[in-house]
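Report on the following structure.
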Amino acid sequence: MSNNKIVSSFELARIVALIAVISIHCQLFLTHSLVNDEPWFNYLTNQAARFAVPLFFIIAGYLIQPKLNESPYRTVRAYSYPIMVIWAIWSVTYLVIPFNLATVSEFGYLAERQQYWDYLMQNPLNSLFEGGLVHLWFLPSLCLAVLMIAWFVDNHCRTLLIPFAAIIYTYGLIAGSYQVITHDETAIFTRNGPFISFLMVSIGFEIRRHHWKLSASKSILLAVFGIALHYSEAFYLHQLGHEFNSNDFLIGTVFWATGLFLWLQSQPQLGNYPIVHTLAKLVLPMYVVHLLVIIGLNNVAGLLGVEFMARDALVFIGTLLITPVIVILLEKTPLSTASFRKLKPPSSKQLV
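The letter at position 132 of the sequence shown is residue 132 when you use UniProt numbering, and the numbering goes up by one with no holes.
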């Protein structure tokens, strides 16, 4: 079994991708800088950040490939158990922490929470795939993708991995962004579950298994093609009534994220600095915590009457500065993500 060496460019990419995710959740430029009464600055910057989650998935698939290829189900248990513990703990945390302080002050804690719990119960199956707050969907989706790949590995049908993953991704598009054309529906929001994660993690897995590589220039061309296709799709669907900024993934996203990954693979020493390696260790805990900080800063902005560009700056910059501080403090407590990552799944004897 080959061991994973730290690839500096992947570490840097994870940091940049996290910042991109934070920018999406901060909803920058949404209420101002309108063009023809539409927030086009938000539309463009929102979609520019959509490489982030697919890139996270591809990197994860690449890194886990050696172990998953050698011991599929054992690797799934060892990999997924701590991640799902993190998901469960933070889901409970987000279920009990109030989001709207104005509602709490006027109607009380239970009234504010009951409103949110009722919202989650409108679609309990979808809520199960997400967890206590919307951004936590990434964690079970990653684990589900790894489990599905393990099945293909265990049944010696790796060559079918990408085709089947592409079919599931296509259905995610049909019942997702392209629903404005197909009018198809699914029981869960197609960003959740395996619709995007299975293909992206499989791409990373197969890139490493086959030792696929592209030159830096060809990788950039692939990424640019993906960006152009993604934005073309978004513009087209917007004309049909699907809001420009609501596309989590499109056809072009696959080429965009894959091209970026292959470029990073061709530049392994990019970002080889101590600060990058230090910050990269905080990416997962910052991911699970950052939306709580955004919610808090939005409350502060509301109390202070801060709006428009000032609100964007307060929430975005504040989140980038405050989140790592909170994470560093949390890492010294029982909520330490580093400690959770070391957890081992209980053996069958322990469960009896």
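A virtual CB, placed ideally from N, CA and C, is assigned to each residue, including glycine. Because the structure is a prediction, the values reported are computed rather than measured.
My understanding is that residue i touches residue j, with C-beta atoms under 8 Å, so please give their C-beta distance in whole angstroms.
{"i": "F205", "j": "I168", "result": "No, F205 and I168 are not in contact; Cβ-Cβ is about 15 Å, not under 8 Å."}
{"i": "V201", "j": "L142", "result": "7 Å"}
{"i": "A145", "j": "F57", "result": "7 Å"}
{"i": "V288", "j": "I86", "result": "6 Å"}
{"i": "N42", "j": "N245", "result": "6 Å"}
{"i": "M84", "j": "P140", "result": "7 Å"}
{"i": "I203", "j": "G259", "result": "The pair is not a contact, with the Cβ atoms about 11 Å apart (cut-off 8 Å)."}
{"i": "P334", "j": "Y81", "result": "Their Cβ separation, rounded to whole angstroms, is 17 Å, which puts P334 and Y81 out of contact at 8 Å."}
{"i": "S9", "j": "L222", "result": "In fact, because the Cβ distance is near 16 Å, the residues do not count as touching under 8 Å."}
Please name the residue or residues paired with residue i in a DSSP beta bridge.
{"i": "V325", "result": "Answer is none; V325 lacks a bridge partner."}
{"i": "E11", "result": "Paired residue(s): none; E11 is not in a bridge."}
{"i": "V96", "result": "Paired residues: none, contrary to the question."}
{"i": "V35", "result": "E38"}
By alpha-carbon positions, which one of the options ends up nearest to residue i?
{"i": "G226", "options": "L55, I162, T319, S105", "result": "L55"}
{"i": "P163", "options": "I174, I149, A175, G176", "result": "I149"}
{"i": "L262", "options": "I207, K5, L44", "result": "I207"}
{"i": "L297", "options": "V315, L282, L284, F308", "result": "V315"}
{"i": "S217", "options": "H210, Q267, G172, L161", "result": "Q267"}
{"i": "D154", "options": "I188, R50, L68, A223", "result": "L68"}
{"i": "residue 434", "options": "I196, I294, Y171, W117", "result": "Here the chain has residues from 1 to 352 only, and residue 434 is not among them."}
{"i": "T103", "options": "G302, T323, L330", "result": "G302"}
{"i": "L95", "options": "E38, I174, M121", "result": "M121"}
{"i": "residue 363", "options": "N247, A338, V327", "result": "Lying outside 1 to 352, the shown extent of the chain, residue 363 is not represented and no answer is given."}
{"i": "P98", "options": "I326, W117, P82, P346", "result": "W117"}
{"i": "F308", "options": "I174, L28, N126, G271", "result": "L28"}
{"i": "L147", "options": "V325, S127, P194, N46", "result": "P194"}
{"i": "C26", "options": "Y62, F235, H290, I326", "result": "H290"}
{"i": "L128", "options": "A228, A187, E331", "result": "A187"}
{"i": "A158", "options": "R209, S105, F340", "result": "Correcting the residue type first, residue 158 is Arg in the shown sequence and not Ala. Per the Cα distances, R209."}
{"i": "H230", "options": "S336, L44, F340, Y62", "result": "L44"}
Work out the CA separation of residue j and residue i for me, nearest whole Å.
{"i": "A13", "j": "R191", "result": "21 Å"}
{"i": "K5", "j": "L250", "result": "32 Å"}
{"i": "Q65", "j": "M286", "result": "25 Å"}
{"i": "L304", "j": "R77", "result": "47 Å"}
{"i": "L264", "j": "T253", "result": "16 Å"}
{"i": "E243", "j": "D312", "result": "21 Å"}
{"i": "H32", "j": "V300", "result": "19 Å"}
{"i": "G176", "j": "F138", "result": "17 Å"}
{"i": "L343", "j": "L214", "result": "37 Å"}
{"i": "V283", "j": "A111", "result": "33 Å"}
{"i": "L101", "j": "Y273", "result": "41 Å"}
{"i": "I295", "j": "T323", "result": "12 Å"}
{"i": "R50", "j": "R113", "result": "30 Å"}
{"i": "H211", "j": "A60", "result": "16 Å"}
{"i": "I108", "j": "A17", "result": "This sequence places Gly at residue 108; Ile is not what is there. Going from the Cα of G108 to the Cα of A17 covers about 37 Å."}
{"i": "A338", "j": "L329", "result": "12 Å"}
{"i": "W151", "j": "Y79", "result": "15 Å"}
{"i": "F235", "j": "N46", "result": "13 Å"}
{"i": "V325", "j": "Y119", "result": "31 Å"}
{"i": "L173", "j": "L30", "result": "25 Å"}
{"i": "A257", "j": "V7", "result": "17 Å"}
{"i": "E331", "j": "R341", "result": "12 Å"}
{"i": "V53", "j": "F189", "result": "16 Å"}
{"i": "S336", "j": "S232", "result": "42 Å"}
{"i": "V293", "j": "L160", "result": "42 Å"}
{"i": "Y62", "j": "I196", "result": "16 Å"}
{"i": "S105", "j": "F255", "result": "48 Å"}
{"i": "V327", "j": "E11", "result": "18 Å"}
{"i": "V306", "j": "A228", "result": "36 Å"}
{"i": "S347", "j": "H156", "result": "26 Å"}
{"i": "I15", "j": "A310", "result": "25 Å"}
{"i": "W40", "j": "N126", "result": "29 Å"}
Kindly examine the ligand COA and report whether one of its heavy atoms sits closer than 6 Å to the Cβ of residue i.
{"i": "L240", "result": "Summarising the ligand content, the structure contains no ligands, and the ligand COA is consequently not present."}
Using 8 Å as the cut-off, can you tell me whether the region 313-333 makes contact with the region 13-29, which would need three or more C-beta pairs spanning the two stretches below that distance? Three or more Cβ pairs drawn from the region 313-333 and the region 13-29 lie within less than 8 Å of each other, which places the two stretches in contact.
Could you check whether the region 71-78 touches the region 277-286, counting it as contact only if at least three pairs of C-beta atoms, one from each stretch, sit closer than 8 Å? Cβ pair count under 8 Å is below three, so no.
Could you tell me whether the region 83-96 touches the region 131-138, where touching means 3 or more Cβ pairs closer than 8 Å? In short, these stretches touch, since the Cβ pair count reaches three.
When the Cβ atoms of the region 172-181 are set against those of the region 222-242, are three or more pairs found closer than 8 Å? Output reads yes: the region 222-242 touches the region 172-181.
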